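Chemist: My questions all concern the structure below.
What follows is the structure, given as structure tokens:
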């Protein structure tokens with residue numbers, strides 16, 4: 080229900096994580112751990128969160144009902160909690176909290192456990208109202224992604240740069256969920272990404288190196304019968320040709336580059352020279368994918384690893400779908416494009432890596448010791464191989480790394496990028 084979303088938004092903040100609230104709540108939510116309360120007063124405060132303090136307001140309420148804090152003292156406790164980009168500190172309340180709880184009839188064991196949980200809010204945590212506001216955005220976003228995936232993807236692409244996922248991952252995900260994604264083309268695209276019935280048309284904003292002024296003028300003046308009719312400078316013509324956006328008037332990329340070069344060289348009296356196009360062979364699939372990534376940052380062709388799959392199999396590397404089917408504790412070896420690296424402050428040096436192949440994503444956990452031992456591979460690889468063991472918790476599957484291998488050389492000239500957060 081909606082309140083589940085409220086809790087999900089709040090429980091992944093540093094405060095609940097540091098206070099050790101995440102796993103107890105999940106176990107209780109799944110019915111794997113009994114829920115008990117030392118008093119009706121504590122149940123009144125923690126009942127909605129299954130006996131685990133998750134929100135800042137709950138910490139204040141617990142201080143009052145369990146430790147006898149006055150409203151003013153509870154407010155000072157709140158002020159000592161961390162805020163966004165401001166570290167807090169609750170250690171100086173330890174004596175008053177524990178003594179107050181024992182004075183009100185609570186055991187020292189309960190007082191110690193509750194204090195450790197409260198101490199986590201020295202790191203950033205959410206008030207319930209804040210989490211509820213975010214949860215509404217989560218609900219609306221999830222509904223749109225489920226029922227209108229093309230429109231949802233278009234809106235995210237038009238808002239770039241932003242968010243956790245790069246355009247390549249957004250488009251791959253949309254296609255895996257049945258969205259037809261069409262390339263930018265001077266005779267079909269607007270500046271922004273748009274909908275064509277149920278399909279998504281990439282906008283000219285996706286073309287690397289194309290100025291916004293040129294892109295908007297192209298969109299407002301279409302259709303065009305020739306490259307000359309675009310009346311663009313050499314830079315913008317090259318950008319369009321490289322992106323395959325001249326397909327409707329010039330053909331494949333090699334012909335488009337030829338036409339763009341001709342249009343940039345004006346004949347006498349500023350008239351196009353009557354020169355027939357040469358017979359140039361279309362680029363191969365690999366060359367097209369390389370050009371797609373260089374000019375658009377993504378491809379609408381096959382995923383790069385689909386072309387490498389036979390070679391990766393010979394190296395003993397499985398795909399994401401096969402890995403997800405393995406049981407807990409199984410050994411696995413995979414390889415994927417690195418799309419994201421995260422090193423949260425609350426993770427004690429652990430790095431989380433997201434890999435992508437033609438069948439999905441792989442979530443990799445790299446423990447701090449391996450981070451230090453294989454820093455070069457971890458931070459430098461674009462195509463990363465991981466050998467490790469499966470960690471399965473319900474539907475959540477991670478690969479815990481034991482060894483990292485840099486396979487970037489297999490990508491050749493393909494240029495990919497990751498979004499890294501530290």
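Residue numbers (my numbering): 80 to 501.
Here a beta-carbon is modelled for each residue, glycine too, at the ideal position from N, C-alpha and C.
In this text the structure is predicted, and so the values were computed from the model without any measurement.
1. Using the C-alpha atoms, what's the distance from residue 135 back to residue 207?
2. In the DSSP assignment, the alpha helix (DSSP H) including residue 463 goes from what residue to what residue?
3. Under the three-state reduction of DSSP, which class applies to residue 340: helix, strand or coil?
4. Does DSSP classify residue 200 as helix, strand or coil?
5. Find out if the Cβ-Cβ distance for the pair residue 459, residue 396 is shorter than 8 angstroms.
6. Please say whether residue 497 and residue 417 have beta carbons closer to each other than 8 angstroms?
7. Which residues in the same chain have their Cβ closer than 6 angstroms to the Cβ of residue 213, if we skip the five residues on either side of it in sequence?
8. If distances are taken between C-alpha atoms only, which option among 296, 194 and 453 comes closest to residue 156?
9. Using a 10 Å radius around the Cβ and a threshold of 16 neighbouring Cβ atoms, would you call residue 126 buried or exposed?
10. Beta-carbon within less than 6 angstroms of residue 485's beta-carbon, same chain only, minus the 5 sequence neighbours each way: which residues are those?
11. Identify the continuous alpha helix (DSSP H) that holds residue 500 and give its terminal residues.
12. May I have the straight-line CA-CA distance separating residue 325 from residue 273, to the nearest angstrom?
13. Look at the alpha carbon of residue 163 and the alpha carbon of residue 96, and state the distance between them as a whole number of angstroms.
14. Any contact of the segment 366 to 376 with the segment 281 to 292, i.e. 3+ C-beta pairs under 8 angstroms?
15. CA-CA distance, residue 217 and residue 307?
16. For residue 438, count neighbouring Cβ atoms within 10 angstroms of its own Cβ and tell me buried if that reaches 16, exposed if not.
17. Can you give me the Cβ contacts of residue 347 inside the same chain, cut-off strictly under 6 angstroms, excluding the 5 residues immediately before and after it?
18. Who are the Cβ neighbours of residue 82 in its own chain at under 6 angstroms, not counting the five residues just before and after it?
19. With the cut-off set at 8 angstroms, would you say residue 412 and residue 405 are in Cβ contact?
20. Taking the CB atoms as reference points, tell me whether residue 171 and residue 145 lie closer together than 8 angstroms.
21. Could you tell me whether the Cβ atoms of residue 100 and residue 132 are closer together than 8 angstroms?
22. Indicate whether residue 124 and residue 137 have their beta-carbon atoms separated by less than 8 angstroms.
23. Please confirm if the segment 288 to 301 is in contact with the segment 315 to 325, defined as three or more CB-CB distances below 8 angstroms between the two stretches.
Modeler: Result, derived from the coordinates:
1. Along the chain shown, read from residue 1 onward, the residue named residue 207 stands at position 128. Along the chain shown, read from residue 1 onward, the residue named residue 135 stands at position 56. Answer to the nearest angstrom: the Cα atoms are 7 angstroms apart.
2. To locate residue 463, count along the chain shown from 1; it is residue 384. Not the alpha helix (DSSP H): residue 463 falls in the beta strand (DSSP E), residues 462 to 472.
3. Indexing the chain shown from 1 puts residue 340 at position 261. Of the three classes helix, strand and coil, the one that applies to residue 340 here is helix, per DSSP.
4. Locating residue 200 in the chain shown gives position 121, where the first residue counts as 1. Helix.
5. In the chain shown, the residue the question calls residue 459 occupies position 380. In the chain shown, the residue the question calls residue 396 occupies position 317. No, they are not a contact pair.
6. Taking the first residue of the chain shown as position 1, residue 417 is located at position 338. Taking the first residue of the chain shown as position 1, residue 497 is located at position 418. For residue 417 and residue 497, yes; Cβs fall inside 8 angstroms.
7. As a first step, residue 213 is located in the chain shown; it is residue number 134 there, counting from the start. For residue 213, where only same-chain residues beyond five positions count, the Cβ hits under 6 angstroms are 88.
8. Taking the first residue of the chain shown as position 1, residue 156 is located at position 77. With distances taken between Cα atoms, residue 156 lies closest to 194.
9. One-based indexing of the chain shown puts residue 126 at position 47. Label assigned to residue 126: exposed.
10. Along the chain shown, one-based indexing puts residue 485 at 406. So the list reads 456 and 460, once near-sequence residues are dropped.
11. The residue you call residue 500 lines up with position 421 of the chain shown. Residue 500 -> not in any alpha helix (DSSP H); beta strand (DSSP E) instead, spanning 498 to 500.
12. In the chain shown, counting from the first residue as 1, residue 325 sits at position 246. In the chain shown, counting from the first residue as 1, residue 273 sits at position 194. Whole-angstrom Cα-Cα distance: 18 angstroms.
13. Within the chain shown, the letter at position 84 stands for residue 163. Within the chain shown, the letter at position 17 stands for residue 96. Residue placement at residue 163 cannot be trusted, given a pLDDT of 47 that sits under 50; the coordinates are not used to answer.
14. yes
15. Numbered from 1 along the chain shown, position 138 holds the residue referred to as residue 217. Numbered from 1 along the chain shown, position 228 holds the residue referred to as residue 307. In a straight line, the C-alpha of residue 217 is about 47 angstroms away from that of residue 307.
16. The sequence position of residue 438 within the chain shown is 359, counting from 1. The residue is buried, with at least 16 neighbouring Cβ atoms inside 10 Å.
17. One-based indexing of the chain shown puts residue 347 at position 268. At residue 347, the pLDDT of 48 sits below 50, so the modelled position is not reliable; the number obtained from the coordinates is stated separately. If we look at residue 347 and ignore the five residues flanking it on each side, it has no Cβ neighbours.
18. Position 3 of the chain shown, counting from 1, holds the residue named residue 82. Excluding sequence neighbours, residue 82 sits near nothing in its chain.
19. For this step, residue 412 is matched to residue 333 along the chain shown. For this step, residue 405 is matched to residue 326 along the chain shown. Result no, Cβ atoms of residue 412 and residue 405 do not sit closer than 8 angstroms.
20. Residue numbering aside, residue 171 sits at position 92 when the chain shown is read from its first letter. Residue numbering aside, residue 145 sits at position 66 when the chain shown is read from its first letter. Going by C-beta atoms, residue 171 is not nearer than 8 angstroms to residue 145.
21. What you label residue 100 is simply residue 21 of the chain shown in a count that begins at 1. What you label residue 132 is simply residue 53 of the chain shown in a count that begins at 1. Contact: yes.
22. Taking the chain shown and counting its residues from 1, the one referred to as residue 124 is at position 45. Taking the chain shown and counting its residues from 1, the one referred to as residue 137 is at position 58. Contact flag set, yes.
23. yes
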